[in-house]
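Asker: This is the structure I want to talk about, given as structure tokens.
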Amino acid sequence: LLCILNSFISMYNTFRPVPPSPPGTTVVSLWTKFSWAVFTIAAHAQLVIIVVYWTVIFTGYWTMVTLFSHGIIGVILLIDGLGVNTIPIRLRHWLELCLPF
Numbered sequence: 049l050l051c052i053l054n055s056f057i058s059m060y061n062t063f064r065p066v067p068p069s070p071p072g073t074t075v076v077s078l079w080t081k082f083s084w085a086v087f088t089i090a091a092h093a094q095l096v097i098i099v100v101y102w103t104v105i106f107t108g109y110w111t112m113v114t115l116f117s118h119g120i121i122g123v124i125l126l127i128d129g130l131g132v133n134t135i136p137i138r139l140r141h142w143l144e145l146c147l148p149f
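The number in the numbering used here is simply the position in the sequence shown, starting from 1, with 48 added.
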């Protein structure tokens, strides 16, 4: 669900980019902060899902559905967030968004 939300946010940001902040300022818009937070939570949740599925639940027989839902989606999420959208991931994001969960 978080991956789907992140995909819609990414698509929205592609078609309606956030205007850059004025020169000399480091103000980040609320929408940008929200999209960074959703990506950070989705990426960490997807990583946990992948590790738990392949180490605990996997029975030895895989299908295309299990391969896509528990592997390739995580890779696509990371490529989209870190490569295409260049969302910065810092220790602060992990401490504030992922550690409490």
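Ideal placement from N, C-alpha and C gives every residue a C-beta, glycine not left out.
Is the number of C-beta pairs between the segment 121-133 and the segment 87-96 that are closer than 8 Å three or more?
Answerer: yes
Asker: Closer than 8 Å is the cut-off here; do at least three beta carbon pairs connect the segment 98-108 with the segment 66-78?
Answerer: no
Asker: When the Cα of P65 is compared with those of T80, L53, N54 and S55, which residue comes out closest?
Answerer: T80
Asker: Put F82 into one of helix, strand or coil per three-state DSSP.
Answerer: In the structure shown, F82 sits in a helix (DSSP, three-state: H, G or I).
Asker: Go through the segment 62-123 residue by residue and report every complete run of the alpha helix (DSSP H) that reaches 4 residues or more, in order.
Answerer: 78-100 and 112-115
Asker: Among A91, V99, F116 and T114, whose alpha-carbon lies nearest the alpha-carbon of P130?
Answerer: The residue you asked about is not Pro; residue 130 is Leu in the sequence shown. Residue A91 is the option with its Cα nearest to L130.
Asker: Would N61 pass as a contact of S83 if the rule is Cβ separation under 8 Å?
Answerer: Yes, the pair counts as a contact, with Cβ atoms nearer than the cut-off.
Asker: Taking I97 as the reference, give the member of I120, G108 and M112 with the closest Cα.
Answerer: I120
Asker: Once you ignore the five residues that flank V100 on each side, which residues in its own chain have a CB closer than 7 Å to its CB?
Answerer: none
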